[in-house]
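Participant: For reference, the structure I am asking about is given below.
Chains as they are written, first to last, in our numbering: chain A, 89 to 386; chain B, 701 to 970; chain C, 434 to 690.
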């Protein structure tokens, strides 16, 4: 379980707090997505969940951050890294530079933890399989595509067996192929066992389908915290400068002219939208009207 | 200003043939999106417009200029190129100075430079940040500074390389309206983008590239419906297009309004 | 960006890195402590050259060393030859003449430079930098220093690529980079500025990345890679200490001219 209790944080030499009275409790195994305009505090939240705030960034912090029962302010950063993994936007900057092959790169964290060689080898092999990069094991980390590097970064964190994996806009700088590879990796991770996943993202289509929970940040505060469906179909979402998913927009507009059944929930995924429009009896009757009007020569 | 590409071929010094005969015509006031997988030749193509690359065969004309006869600095007067990574450009102490750099290089007078800086800042919404150090801003704001630096050049052709990377909804919206404004001013706007929904909404014309060739070139509504061709270059149709296609439509709607039209006209009777 | 060559006969490659480091140091000490130019070349001919042949890297080694030392050697000969204070002229070219002492000095210096670089090449051509750093860290080299060296090696090519992108981006804004000296000097800040500033951002992010993998943990680090070593090599290393120590003592005691 990972929790923030009334956390307010201001970066050094900054006037405004980046997080204001944020309280958030994420149970084990949950997949929690965090969305919000740029500057709303998504990255700050990710750093707070992984201990880099306050340890790396200093600044002023009030409130408590707990990872299981450990207060992150009471221990060193080094003690936290084993519990929480952090992956961020730039794939290249997460390649340590200390290692010449992907296998050794994934080993880097385990070496720092002092894991014995035999156990290291087992964990690395297992992690490479899990993330689907076993075929890249002998390649140089710097000879990979962005999507491949990002998966190596994820594997490097997972090898350390953290309870929580925090990802801060991991697909921002990737092309569609890389984006899909990373999302697939995250999905496999969620499906297989109980790692808690916190994902900050702008690409809502994928989150809508797979997240358990969606938290909206605005100006450093949590303004919405609910299921993806409830958040993405909420009328006030636009106020927070978050792009309402196009399926929702289309169904909402269609509902106003009777092309979407009034009693049906607004769709948040392609499948839901397809089903909804296909089954729409209003749609059938509209077709009927058009046909009739054509036949009568209008 | 017209951009004319004729049978353009380009081979990198490493031997990789990045362009295999591309022919395109873009007229003043056109907004064109170029899509396709990494390695399809999109960036290689647009680098020819600013003269950073010289054709191995074929030619590129910007207005009446053959790019082979002009230097990059000369072409900068006609083609504004916004690079993908703003940090590759920013070096000034303030945002204002950064934006003034380009116009000064063009040899414009100080009052003209100041006017252009103010206008560019207004357009990108950073007027209140004029005296800040660019690196005090967020990366996505720095992208707007880089964009403003090129807008200040007031070139008849504007090239945008992945303009929406990392932007939130408000940022994408602002970039989209800048594209429309540039188009309304009669400029030729060319954008490379992986954000296919952005392309559909803001660009009436879409060029699909794959393996150094043009696979499709035409109205967004037609091109983005050709899912099988797009798949060859690892491009998925935009969200609304995918929905419309699944419902049996043949055109790709570019926005919600078109989607409703397409559904009423083309979705078969159920 | 690595000098290291793979795929050769592998004999020297398979040796423990510390053994090779010691060999290099021994060669250097011998070459510098023994007096006279002949000693330097004796050390090269009796140790470095045979080892490089045995290791299958003689060709690349000689080419690399020649590339490094030749420019220095030529300018050394010219400068010392012409400007050595108060020497005896032996070759005249019009108003200027080469002095014997100057040429002798240059010869000694150049020979030692040759030996020094060939000794290092012997090490660097046959030792993977990752392994070398690991071996040194296991013997007490600070892990932070080793990290900086290895990461720099791997990231420099990216630096070069970024510099090329920056050049493109600034040229596209009308920056002139060719022509008069003044123009080129003015181009320095717009070219170097983004490189430095961008690198600061990268460095901070990379620091977070390695921190998130426990780089600062104060416990003994283990290693995935096992560095090859043997009793024979351990004995060799112990033995290798004797020669340079003996030579230094002899030199200090004045037994060597």
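Just so it is clear, CB atoms sit at the ideal spot from N, CA and C, and this is done for glycine as well.
None of the values given here were measured: they were computed from a predicted structure.
If you reduce the DSSP assignment to three classes, tell me which class residue 381 (chain A) lands in.
Facilitator: Working through the first chain from its first residue, we reach residue 381 (chain A) at position 293. At residue 381 (chain A) the pLDDT is 49, less than 50, meaning the model places this residue with poor confidence and gives no usable figure here.
Participant: Have a look at residue 443 (chain C) and residue 590 (chain C) and give me their C-alpha separation to the nearest angstrom.
Facilitator: For the purposes of this step, residue 443 (chain C) is taken as the residue at position 10 of the third chain. For the purposes of this step, residue 590 (chain C) is taken as the residue at position 157 of the third chain. Taking the straight line from one Cα to the other gives about 27 Å.
Participant: Is it right to say residue 712 (chain B) is buried, meaning 16 or more other beta carbons lie within 10 angstroms of its own, or is it exposed?
Facilitator: For the purposes of this step, residue 712 (chain B) is identified with residue 12 of the second chain, where counting begins at 1. Label assigned to residue 712 (chain B): exposed.
Participant: By the criterion of Cβ-Cβ separation under 9 Å, what are the contact partners of residue 817 (chain B) in chain C?
Facilitator: Counting from 1 along the second chain, the entry for residue 817 (chain B) is found at position 117. The contacting residues do not exist; residue 817 (chain B) stays about 14 Å from chain C at best.
Participant: Would the beta-carbon of residue 925 (chain B) fall within 9 Å of that of residue 937 (chain B)?
Facilitator: Locating residue 925 (chain B) in the second chain gives position 225, counting from the first residue. Locating residue 937 (chain B) in the second chain gives position 237, counting from the first residue. Taking 9 Å as the Cβ cut-off, residue 925 (chain B) and residue 937 (chain B) qualify as a contacting pair.
Participant: So is residue 709 (chain B) in contact with chain A if we call contact Cβ pairs under 9 Å?
Facilitator: In the second chain, the residue the question calls residue 709 (chain B) occupies position 9. Residue 709 (chain B) does not count as touching chain A.
Participant: Can you tell me whether residue 173 (chain A) is helix, strand or coil according to DSSP?
Facilitator: Numbered from its first residue, the first chain carries residue 173 (chain A) at position 85. In the structure shown, residue 173 (chain A) sits in a strand (DSSP, three-state: E or B).
Participant: For the alpha helix (DSSP H) that contains residue 312 (chain A), what are its first and last residues?
Facilitator: Taking the first residue of the first chain as 1, we reach residue 312 (chain A) at position 224. Not the alpha helix (DSSP H): residue 312 (chain A) falls in the beta strand (DSSP E), residues 309-314.
Participant: At what residues does the beta strand (DSSP E) containing residue 522 (chain C) begin and finish?
Facilitator: On the third chain, residue 522 (chain C) is found 89 positions in, with the first residue counted as 1. Taken as a continuous stretch (DSSP letters only), the beta strand (DSSP E) holding residue 522 (chain C) covers 522-526.
Participant: Residue range of the alpha helix (DSSP H) that residue 898 (chain B) falls in?
Facilitator: Start at 1 with the first residue of the second chain, and residue 898 (chain B) comes out as number 198. 896-902 is the extent of the alpha helix (DSSP H) around residue 898 (chain B).
Participant: Taking 9 Å as the CB-CB cut-off, is residue 657 (chain C) touching chain A?
Facilitator: Within the third chain, residue 657 (chain C) is the residue found at index 224, counting from 1. So, interface residue.
Participant: Could you check whether residue 939 (chain B) and residue 290 (chain A) sit closer than 9 Å to each other, using their CB atoms as the reference points?
Facilitator: Here residue 290 (chain A) is taken as the residue at index 202 of the first chain, counted from 1. Here residue 939 (chain B) is taken as the residue at index 239 of the second chain, counted from 1. Result no, Cβ atoms of residue 290 (chain A) and residue 939 (chain B) do not sit closer than 9 Å.
Participant: For a contact meaning CB atoms closer than 9 Å, what does residue 593 (chain C) contact in chain A?
Facilitator: As a position in the third chain, residue 593 (chain C) is number 160, starting the count at 1. Near residue 593 (chain C) there are no residues of chain A at all, since even the closest Cβ is about 13 Å away, more than 9 Å.
Participant: Taking the alpha carbon of residue 306 (chain A) as the point to measure from, which residue in A:132, A:250, A:189 and A:257 has its own alpha carbon closest?
Facilitator: Along the first chain, one-based indexing puts residue 306 (chain A) at 218. Residue A:132 is the option with its Cα nearest to residue 306 (chain A).
Participant: To be precise: take each residue of the segment 563-583 of chain C, compare its Cβ to all Cβ atoms of chain A, and keep it if any distance is under 7 Å. Which residues remain?
Facilitator: Result list: 563, 580 and 583.
Participant: Should the segment 846-853 of chain B be regarded as contacting the segment 795-804 of chain B, the criterion being three or more beta carbon pairs within less than 8 Å?
Facilitator: Counting Cβ pairs under 8 Å, three or more are found: they touch.
Participant: Nearest-angstrom Cα distance between residue 502 (chain C) and residue 738 (chain B)?
Facilitator: Stepping through the third chain from its first residue, residue 502 (chain C) is reached at position 69. Stepping through the second chain from its first residue, residue 738 (chain B) is reached at position 38. Cα-Cα distance, rounded: 44 Å.
Participant: Would you say residue 443 (chain C) faces chain A, with C-beta separation under 9 Å as the test?
Facilitator: As a first step, residue 443 (chain C) must be located in the third chain, where it is residue number 10. For residue 443 (chain C), the answer is no, since every Cβ of chain A falls outside 9 Å of its Cβ.
Participant: Looking at chain A, is there any beta carbon in it that lies within less than 9 Å of the beta carbon of residue 737 (chain B)?
Facilitator: One-based indexing of the second chain puts residue 737 (chain B) at position 37. Yes, contact with chain A.
Participant: Using 8 Å as the threshold, is the segment 270-289 of chain A in touch with the segment 127-146 of chain A, meaning 3 or more CB pairs across them?
Facilitator: At 8 Å Cβ cutoff, the stretches touch.
Participant: Is it buried or exposed for residue 516 (chain C), if we count other Cβ within 10 angstroms and need 16 for buried?
Facilitator: Stepping through the third chain from its first residue, residue 516 (chain C) is reached at position 83. Exposed, by the Cβ-count rule.
Participant: Where does the unbroken beta strand (DSSP E) through residue 554 (chain C) begin, and where does it stop?
Facilitator: Taking the first residue of the third chain as position 1, residue 554 (chain C) is located at position 121. Careful: residue 554 (chain C) lies outside any beta strand (DSSP E), inside the alpha helix (DSSP H) at 533-559.
Participant: Any Cβ of chain A within less than 9 Å of the Cβ of residue 970 (chain B)?
Facilitator: As a position in the second chain, residue 970 (chain B) is number 270, starting the count at 1. With a pLDDT of 48 at residue 970 (chain B), under the threshold of 50, the modelled position of that residue is not reliable, and the figure given next carries that caveat. Judged by the 9 Å Cβ criterion, residue 970 (chain B) is in contact with chain A.
Participant: What whole-angstrom Cβ distance do residue 330 (chain A) and residue 869 (chain B) have, given they're in contact under 8 Å?
Facilitator: One-based indexing of the first chain puts residue 330 (chain A) at position 242. One-based indexing of the second chain puts residue 869 (chain B) at position 169. 6 Å between Cβ atoms; contact.
Participant: For residue 790 (chain B) and chain C, any beta-carbon pair shorter than 9 Å?
Facilitator: Counting from one through the second chain, the residue named residue 790 (chain B) turns up at place 90. With 9 Å as the cut-off, residue 790 (chain B) counts as an interface residue toward chain C.
Participant: Which bits of chain B does residue 634 (chain C) rub up against, with CB to CB less than 8 Å?
Facilitator: In the third chain, residue 634 (chain C) corresponds to position 201, counting from 1. Chain B residues near residue 634 (chain C): 787 and 835.
Participant: Near residue 615 (chain C), which residues of its chain fall below 7 Å by C-beta distance, leaving aside the five closest residues on each side in sequence?
Facilitator: Here residue 615 (chain C) refers to the residue found at position 182 when the third chain is read from its first residue. Closer than 7 Å at the Cβ level, and outside the excluded window around residue 615 (chain C), lies no residue.
Participant: Cutting at 8 Å between CB atoms, please list the residues of its own chain near residue 846 (chain B), excluding the five before and the five after it.
Facilitator: Within the second chain, residue 846 (chain B) is the residue found at index 146, counting from 1. Excluding sequence neighbours, residue 846 (chain B) sits near 782, 783, 786, 789 and 790.
Participant: Are the beta-carbon atoms belonging to residue 121 (chain A) and residue 328 (chain A) less than 9 Å from one another?
Facilitator: Counting from 1 along the first chain, the entry for residue 121 (chain A) is found at position 33. Counting from 1 along the first chain, the entry for residue 328 (chain A) is found at position 240. Contact: no.
Participant: I believe residue 732 (chain B) touches residue 913 (chain B) by the beta-carbon criterion, under 8 Å. Please report the beta-carbon distance rounded to the nearest angstrom.
Facilitator: By 1-based counting over the second chain, the position of residue 732 (chain B) is 32. By 1-based counting over the second chain, the position of residue 913 (chain B) is 213. About 16 Å; that fails the 8 Å criterion.
Participant: Which ranges would you report for the alpha helix (DSSP H) in the segment 655-690 of chain C if only whole runs of at least 4 residues count?
Facilitator: Counting only runs of 4 or more, we get 664-685.
Participant: Which one of A:357, A:351, A:309 and A:185 has the shortest CA to CA distance from residue 106 (chain A)?
Facilitator: Here residue 106 (chain A) corresponds to residue number 18 of the first chain, with the count starting at 1. Per the Cα distances, A:309.
Participant: Are there 16 or more other CB atoms within 10 angstroms of the CB of residue 471 (chain C), so buried, or fewer, so exposed?
Facilitator: The residue labelled residue 471 (chain C) in the question sits at position 38 within the third chain. So residue 471 (chain C) ends up on the exposed side.
Participant: Please state whether DSSP places residue 386 (chain A) in a helix, a strand or coil.
Facilitator: Indexing the first chain from 1 puts residue 386 (chain A) at position 298. Note that residue 386 (chain A) has pLDDT 43, beneath the 50 cutoff, so the model's placement of it is unreliable and the number below is only indicative. Residue state, collapsed to three classes: coil.
Participant: Considering only the beta carbon of each residue, do residue 848 (chain B) and residue 935 (chain B) sit closer than 9 Å?
Facilitator: For the purposes of this step, residue 848 (chain B) is identified with residue 148 of the second chain, where counting begins at 1. For the purposes of this step, residue 935 (chain B) is identified with residue 235 of the second chain, where counting begins at 1. Their beta carbons are not under 9 Å apart, which means residue 848 (chain B) does not touch residue 935 (chain B) by this criterion.
Participant: Return the chain-ordered list of same chain residues with a C-beta closer than 7 Å to the C-beta of residue 554 (chain C), the five sequence neighbours on each side being excluded.
Facilitator: In the third chain, the residue the question calls residue 554 (chain C) occupies position 121. Only 494, 497 and 498 meet the Cβ criterion.
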